[in-house]
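Participant: To start, I am sharing the structure in question, which I have written as structure tokens.
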Amino acid sequence: MTDQGYRTFLTTILITLLLVSSRTSATEKKIDFQRDIAPILQSRCLSCHQDRIRQGGLALHSKVEIDKGGESGEIIDPGDPDASSLMDLITPYEGTAEMPRDAAPLTEVEVQLFRDWIKQGASWPENFVLEPPMRWSLKPLQRPPVPEIVKPVADFPIRNPIDAFIAARHQSADVEPAPQASRRTLIRRLYLDLTGLLPSPSDVSAYVADKDPAAYEKLVDKLLASPHFGERWGRFWLDLARYADSDGYLGDSIRPHAWVYREWVIQAVNDD
């Protein structure tokens with residue numbers, strides 16, 4: 000090989016190494032615990048591994064606890080993800096993983112974030128403790144401010160706060176609201192929603208001819224006071240309770256007193 004050829008060969012090797020090195024460094028981004036790891040731990044892990052609930056003796060809400068590990072020993076070896084049993088627990092195999100249990104496994108991106116985090120030393124901010132997410136049903140009720148609609152759409156007048164929230168969402172999504180329904184359409188919707196029955200022709204004619212601005216509200220009150228309202232909406236609870244007048248299956252024996260519970264549910268809905 001000539002000197003010129005040798006220099007060309009070395010130059011090619013050097014450029015290749017630089018390209019590989021730069022590509023590797025670009026793909027291995029610096030992991031920020033609070034941005035990349037904490038949200039996954041909080042949403043996917045703390046329901047089973049926290050201060051009050053420690054499945055397998057493992058808690059993942061603080062650095063002290065995660066360093067302790069669980070009943071099977073330590074789960075993280077900082078700097079070595081392959082030696083960290085946490086990776087075995089969260090990496091799916093044939094679509095399932097040990098953690099989180101009875102839930103969808105972490106995504107490939109989430110698993111890779113944990114791998115990179117451990118590889119980079121598994122840093123955890125000092126005195127940083129994760130709180131388990133509060134169930135939505137236990138959160139205090141809040142009254143958000145009513146949006147101010149600067150340019151309301153002619154076909155969507157703002158009559159109440161709910162209209163304002165809907166109009167604000169329309170505008171943020173750049174969506175035109177549907178045109179207002181006719182009175183014939185409105186009465187059909189109300190009857191079907193509240194009683195599950197269609198209005199009679201005379202009811203439709205009376206509502207269409209009613210010029211009272213509060214005609215819609217009066218119709219709502221009328222249907223809420225109807226016994227058919229409890230029959231319609233009580234069915235949702237009865238379905239959940241698996242109510243039936245008979246046993247079903249082969250014998251399909253009649254339950255002679257089941258109707259008492261059915262009537263109680265209907266009456267309870269109507270009295271509420």
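Per numbering that gives the first Met the number 0, the very first residue in the sequence shown carries number 0; after that it's consecutive. C-beta: ideal position from N, C-alpha, C; glycine also. None of the values given here were measured: they were computed from a predicted structure.
1. Indicate whether Leu-237 and Arg-254 have their beta-carbon atoms separated by less than 8 Å.
2. Using beta-carbon positions only, say whether Ser-46 and Pro-131 come within less than 8 Å of one another.
3. What would DSSP say about Tyr-248, mapped onto helix, strand or coil?
4. By Cβ distance below 7 Å, which residues in the same chain neighbour Asp-251 in space, the five residues on each side in sequence not counted?
5. Do the segment 189-197 and the segment 220-240 touch if we need at least three Cβ pairs shorter than 8 Å?
6. Is it true that the CB of Gly-69 sits closer than 8 Å to the CB of Leu-57?
7. Can you grab the Cα-Cα spacing for the pair Thr-90 / His-48, in whole Å?
8. In chain order, what residues of the same chain lie with their CB nearer than 8 Å to the CB of Val-152, ignoring the 5 residues before and after it?
9. For the candidate residues Lys-217, Pro-143 and Asp-76, whose alpha-carbon lies nearest to that of Ala-116?
10. State yes or no: is the C-beta of Ile-161 within less than 8 Å of the C-beta of Ile-148?
11. Which residue's Cα is closest to the Cα of Phe-235: Val-264, Thr-106, His-256 and Lys-217?
12. DSSP on Arg-53, reduced to helix/strand/coil?
13. Per the contact definition of three or more C-beta pairs closer than 8 Å, is the segment 123-130 in contact with the segment 52-66?
14. Given that a residue counts as buried once 16 or more other Cβ atoms are within 10 Å of its Cβ, and exposed if not, what is Asp-208?
15. Between the alpha carbons of His-227 and Pro-146, how many angstroms are there, rounded?
16. Going by the beta-carbon positions, is the gap between Val-219 and Leu-189 smaller than 8 Å?
17. When you compare only the Cα positions, how much space is there between Glu-216 and Trp-232?
18. How would you write the range of the alpha helix (DSSP H) that Arg-43 sits in, first residue to last?
19. Who are the Cβ neighbours of Asp-272 in its own chain at under 7 Å, not counting the five residues just before and after it?
20. Measure the CB-CB distance between Gly-78 and Lys-118 and report whether it falls below 8 Å.
21. DSSP state of Tyr-92, grouped into three classes?
22. Between Pro-198 and Ala-243, what straight-line distance do the alpha-carbon atoms span, to the nearest angstrom?
Facilitator: With the given structure in hand:
1. Reading the sequence shown from its first residue, position 238 is the one you call residue 237. Reading the sequence shown from its first residue, position 255 is the one you call residue 254. Contact: no.
2. Your numbering for residue 46 matches position 47 in the sequence shown. Your numbering for residue 131 matches position 132 in the sequence shown. Contact flag set, yes.
3. Taking the sequence shown and counting its residues from 1, the one referred to as residue 248 is at position 249. The answer is coil: DSSP assigns Tyr-248 none of H, G, I, E or B.
4. By one-based count along the sequence shown, residue 251 stands at place 252. Cβ within range, chain order: Ser-245.
5. The segment 189-197 makes contact with the segment 220-240: 3 or more CB pairs, one atom from each, lie closer than 8 Å.
6. As a position in the sequence shown, residue 57 is number 58, starting the count at 1. As a position in the sequence shown, residue 69 is number 70, starting the count at 1. Yes. Within cutoff.
7. Along the sequence shown, one-based indexing puts residue 90 at 91. Along the sequence shown, one-based indexing puts residue 48 at 49. Going from the Cα of Thr-90 to the Cα of His-48 covers about 17 Å.
8. Counted from its first residue, the sequence shown places residue 152 at position 153. Here the set comprises Ala-166, His-169, Glu-175 and Pro-176.
9. Counting from 1 along the sequence shown, the entry for residue 116 is found at position 117. Residue identity differs from the one stated: residue 116 is Trp in this sequence, not Ala. Considering only alpha carbons, the answer is Asp-76.
10. Here the question's residue 161 lines up with position 162 in the sequence shown. Here the question's residue 148 lines up with position 149 in the sequence shown. In this structure, Ile-148 does not lie closer than 8 Å to Ile-161 by Cβ.
11. Translated into positions along the sequence shown, residue 235 becomes position 236. The option with the nearest alpha carbon to Phe-235 is Val-264.
12. Here residue 53 refers to the residue found at position 54 of the sequence shown. Note: Arg-53 maps to strand in three-state DSSP.
13. yes
14. Against the sequence shown, residue 208 aligns to sequence position 209. For the record, residue 208 in the displayed sequence is Ala; it is not Asp. Counting Cβ neighbours within 10 Å, Ala-208 comes out exposed, since fewer than 16 surround it.
15. Here residue 227 corresponds to residue number 228 of the sequence shown, with the count starting at 1. Here residue 146 corresponds to residue number 147 of the sequence shown, with the count starting at 1. Their backbone Cα atoms lie some 36 Å apart in a straight line.
16. Position 220 of the sequence shown holds residue 219. Position 190 of the sequence shown holds residue 189. In this structure, Leu-189 lies closer than 8 Å to Val-219 by Cβ.
17. Along the sequence shown, read from residue 1 onward, the residue named residue 216 stands at position 217. Along the sequence shown, read from residue 1 onward, the residue named residue 232 stands at position 233. Those two C-alpha atoms are separated by around 20 Å.
18. Taking the sequence shown and counting its residues from 1, the one referred to as residue 43 is at position 44. Start and end: 37-43.
19. With the chain covering 0 to 271 only, the question about residue 272 has no answer from this structure.
20. Here residue 78 corresponds to residue number 79 of the sequence shown, with the count starting at 1. Here residue 118 corresponds to residue number 119 of the sequence shown, with the count starting at 1. Yes, these two residues count as a Cβ contact at 8 Å.
21. Taking the sequence shown and counting its residues from 1, one reaches residue 92 at position 93. Strand, per DSSP.
22. For this step, residue 198 is matched to residue 199 along the sequence shown. For this step, residue 243 is matched to residue 244 along the sequence shown. About 28 Å.
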